[in-house]
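> Numbered by my numbering, the letters in the first sequence go through residues 2 to 197 in order. Quick reminder that beta carbons are idealized off the backbone N, C-alpha and C, glycines included. None of the values given here were measured: they were computed from a predicted structure.
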Amino acid sequence: MVEAKTLQARNTVALARWLLGKHLVRRFPDGRIEARRIVETEAYDGERDLACHARVGRTARTDVMYAAGGVWYVYLCYGVHEMLNLVVGPRDWPAAVLIRGIEGAGGPGRVTRALAITRALNRAPACDDSAGLWLEDRGGTLPRSAVVASPRVGVDYAGPVWAAKRWRFTLRPGADRAAPGGRRRERSTRVAGRAG
DNA sequence: TACTCGATCGGA
DNA sequence: CCGATCGAGTAA
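1. With 16 as the cutoff for other CB atoms within 10 Å, does R49 come out buried or exposed?
2. May I ask you to list the residues that DSSP assigns as paired with L16?
3. Which class does V162 belong to by DSSP, given the choice of helix, strand or coil?
4. Is V26 near W135, with beta carbons less than 8 Å apart?
5. Would the stretch 126-142 and the stretch 52-66 be scored as touching if the rule is three or more Cβ pairs under 8 Å?
6. If you compare alpha carbons, which of G22, D46, I39 and R33 is closest to N12?
7. Restricting to runs no shorter than 4 residues, where is the alpha helix (DSSP H) found entirely within the stretch 23-81?
8. Per the contact definition of three or more C-beta pairs closer than 8 Å, is the stretch 102-120 in contact with the stretch 31-43?
9. Name, in chain order, the residues that DSSP records as bridge partners for M2.
10. Quick one: residues in its chain with C-beta nearer than 8 Å to the C-beta of V81, no 5 flanking neighbours on either side, listed in chain order?
11. Decide if E4 is buried, meaning its Cβ has at least 16 other Cβ atoms within 10 Å, or exposed.
12. Where D157 and A164 are concerned, what is the direct C-alpha to C-alpha distance, given to the nearest angstrom?
13. In three-state DSSP terms, what is G108?
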């Protein structure tokens, strides 16, 4: 399980990167449990971020983003796909991390379809199993080289400055396992530090 | 109340 | 490239 406190740091971009390799665990209505590693994320950080839903301030829809980190934000996109986000940051700082990919399902719409995630999970807790969808840190530190940063997808409406931010993080396939002969000492991702 | 436009995907 | 499909946000 992941500590809610960890998700309440005001460092959205670092958290998006940190979430790579963590496990998204789903308990389906029939009781079956499935865990999948997160392989792609995107950071959305505050009202200033013109790509973030909270750019319009606090509304019925964005209210959940102002909660303290550790709950889910699920919304319907294009009237077709449910999008799964993890709310992060301290209370009143509207930020979230979009779960764009898990092992075996790339693309945010496919993530939710694969795990039967709907808006019924909006505002549900992500750090305990009470809602049937939670995060687990099963260990295994990623070398920094396993992570690729790139611009966020589909946010041209945010204007050139915000659309260009490399706040999308992808886990390079295969690059997360320990190097053979294992003497390579690489800096691992850190949650603390400067974002932007 | 009318209109516009999506943090996408699958099929021409 | 295009259509699906619907709710949030905005203007009126």
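According to the structure shown:
1. Position 48 of the first sequence, counting from 1, holds the residue named residue 49. Exposed is the call here.
2. Numbered from 1 along the first sequence, position 15 holds the residue referred to as residue 16. Its beta-bridge partners do not exist; DSSP assigns none.
3. The residue you call residue 162 lines up with position 161 of the first sequence. The answer is helix: DSSP assigns V162 an H, G or I state.
4. Taking the first sequence and counting its residues from 1, the one referred to as residue 26 is at position 25. Taking the first sequence and counting its residues from 1, the one referred to as residue 135 is at position 134. Cβ distance < 8 Å, so V26 and W135 count as in contact.
5. Because the criterion of three Cβ pairs below 8 Å is not met, the stretch 126-142 and the stretch 52-66 do not touch.
6. The residue given as residue 12 occupies position 11 in the first sequence. Considering only alpha carbons, the answer is D46.
7. none
8. In the pairwise beta carbon analysis, the stretch 31-43 is classified as touching the stretch 102-120: at least three pairs are separated by under 8 Å.
9. Residue numbering aside, residue 2 sits at position 1 when the first sequence is read from its first letter. Answer is none; M2 lacks a bridge partner.
10. The residue given as residue 81 occupies position 80 in the first sequence. Cβ within range, chain order: G110.
11. Translated into positions along the first sequence, residue 4 becomes position 3. E4 should be labelled exposed.
12. Position 156 of the first sequence, counting from 1, holds the residue named residue 157. Position 163 of the first sequence, counting from 1, holds the residue named residue 164. C-alpha separation (whole angstroms): 6 Å.
13. To locate residue 108, count along the first sequence from 1; it is residue 107. Here G108 sits in coil by DSSP.
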